[in-house]
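*Asks:*
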Amino acid sequence: MNIVTIVGSIRKESYNMKLAKTLQERYKDKLNINIIDIASLPFFNQDEEENPPQIVREFKETIANADGVIIVTPEYNWSVPGILKNALDWTSRVDKVLIGKPVMALGASMGMLGTVRAQMHLREILSSPGIQAKVLPPGGNEVLIGFANQKFDEETNQLAEEGTLNFLDSIIDKFTNFVKEA
Ligand code: FNR
Numbered sequence: 001m002n003i004v005t006i007v008g009s010i011r012k013e014s015y016n017m018k019l020a021k022t023l024q025e026r027y028k029d030k031l032n033i034n035i036i037d038i039a040s041l042p043f044f045n046q047d048e049e050e051n052p053p054q055i056v057r058e059f060k061e062t063i064a065n066a067d068g069v070i071i072v073t074p075e076y077n078w079s080v081p082g083i084l085k086n087a088l089d090w091t092s093r094v095d096k097v098l099i100g101k102p103v104m105a106l107g108a109s110m111g112m113l114g115t116v117r118a119q120m121h122l123r124e125i126l127s128s129p130g131i132q133a134k135v136l137p138p139g140g141n142e143v144l145i146g147f148a149n150q151k152f153d154e155e156t157n158q159l160a161e162e163g164t165l166n167f168l169d170s171i172i173d174k175f176t177n178f179v180k181e182a
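Note that full-length UniProt numbering numbers the sequence shown so that position 14 is 14, with each residue one more than the last.
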């Protein structure tokens, strides 16, 4: 199963990137996870939406060809980082590559609430007319990793907390079935 993963942080030591890499490694037997670069995308410009730069075309094509998308994002000021919103804005115009695409979201933050506000905003964005992704429903499926600074192994850089990893296993199983049924 081919999964594209979009990470909302470009910080070198990003916990969310470490989380994406944990997914890539831990589920490599069943998911082929491609962590896609969004830092090189230009700012969305409506003047260019019909004929976007090559890098945007490739980004959209990669999403179009994926079986599903996993978004791993921090929370910035109670919402999603601009870099993630920018990438999503590109997907929402002309060839609307996220329509009907299975998506799940997860996030890590240093605070207690583990990106809950960002994820609520993200669900709204993903429901907008130009995006209309098929999002793994809430109700037990939210992966909100708070106090991230205490949960990653400093040597392997991977998520290391057993309880969170077990929960992640169950949600990834659900998402895998969700993608198969889509
Ligand atoms: C934050 N942080 C943050 N945390 C949170 O739980 N809610 C928030 O609204 C914000 N807002 C916020 C804004 C900005 C501009 C920054 C730089 C940071 C803290 C954030 O959770 C923390 O920096 C994470 O480590 C960011 O994720 P990465 O880069 O580690 O993946």
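Ideal Cβ positions, reconstructed from N, Cα and C, are used throughout, including at glycine. Keep in mind it's a predicted model, so treat the numbers as computed, not measured.
1) May I have the straight-line CA-CA distance separating glutamine 54 from leucine 41, to the nearest angstrom?
2) Could you check if glutamine 46 is buried or exposed, using at least 16 other CB atoms within 10 Å of its CB as the buried criterion?
3) CA-CA distance, serine 79 and glutamate 181?
4) Do glycine 146 and serine 109 have their beta-carbon atoms positioned less than 8 Å apart in this structure?
5) Assuming residue 183 contacts isoleucine 10 under a Cβ cut-off of 8 Å, what Cβ separation, rounded to an integer in Å, is found between them?
6) Leaving out the 5 sequence neighbours to the left and right, which residues in its chain are closer than 6 Å to glutamine 158 when beta-carbon positions are compared?
7) I'd like to check one pair, leucine 113 with leucine 144: are the Cβ atoms closer than 8 Å?
8) What are the complete beta strand (DSSP E) segments, minimum 3 residues, inside the UniProt domain "NADPH-dependent FMN reductase-like" (1 to 138)?
9) Checking the sheet assignment: what are the DSSP bridge partners for leucine 144?
10) With C-beta atoms as the reference, is asparagine 32 less than 8 Å away from methionine 1?
11) Shortest alpha-carbon distance to serine 92 belongs to which of Gly130, Thr62, Lys18?
12) Between the C-alpha atoms of isoleucine 171 and lysine 28, what's the straight-line distance to the nearest angstrom?
*Replies:* Inspection of the coordinates gives the following:
1) To locate residue 54, count along the sequence shown from 1; it is residue 54. To locate residue 41, count along the sequence shown from 1; it is residue 41. The alpha-carbon atoms of glutamine 54 and leucine 41 are separated by roughly 10 Å.
2) Position 46 of the sequence shown, counting from 1, holds the residue named residue 46. Exposed, since its Cβ has fewer than 16 Cβ neighbours within 10 Å.
3) Residue mapping note: residue 79 aligns to position 79 of the sequence shown, counting from 1. Residue mapping note: residue 181 aligns to position 181 of the sequence shown, counting from 1. So the alpha carbons of these two residues sit roughly 30 Å apart.
4) Numbered from its first residue, the sequence shown carries residue 109 at position 109. Numbered from its first residue, the sequence shown carries residue 146 at position 146. The answer is yes: Cβ separation under 8 Å.
5) As displayed, the chain neither begins before 1 nor continues past 182, which places residue 183 out of reach and without an answer.
6) The residue given as residue 158 occupies position 158 in the sequence shown. Here the set comprises Thr22.
7) Position 144 of the sequence shown, counting from 1, holds the residue named residue 144. Position 113 of the sequence shown, counting from 1, holds the residue named residue 113. Yes, they are a contact pair.
8) 2 to 7, 32 to 36, 68 to 72, 102 to 108
9) Reading the sequence shown from its first residue, position 144 is the one you call residue 144. The partner list for leucine 144 (beta bridge, DSSP) reads Gly107.
10) Taking the first residue of the sequence shown as 1, we reach residue 32 at position 32. Taking the first residue of the sequence shown as 1, we reach residue 1 at position 1. Yes, these two residues count as a Cβ contact at 8 Å.
11) Position 92 of the sequence shown, counted from the first residue, corresponds to residue 92. The residue with the shortest Cα to Cα distance from serine 92 is Gly130.
12) As a first step, residue 171 must be located in the sequence shown, where it is residue number 171. As a first step, residue 28 must be located in the sequence shown, where it is residue number 28. Rounded to the nearest angstrom, the two C-alpha atoms are 15 Å apart.
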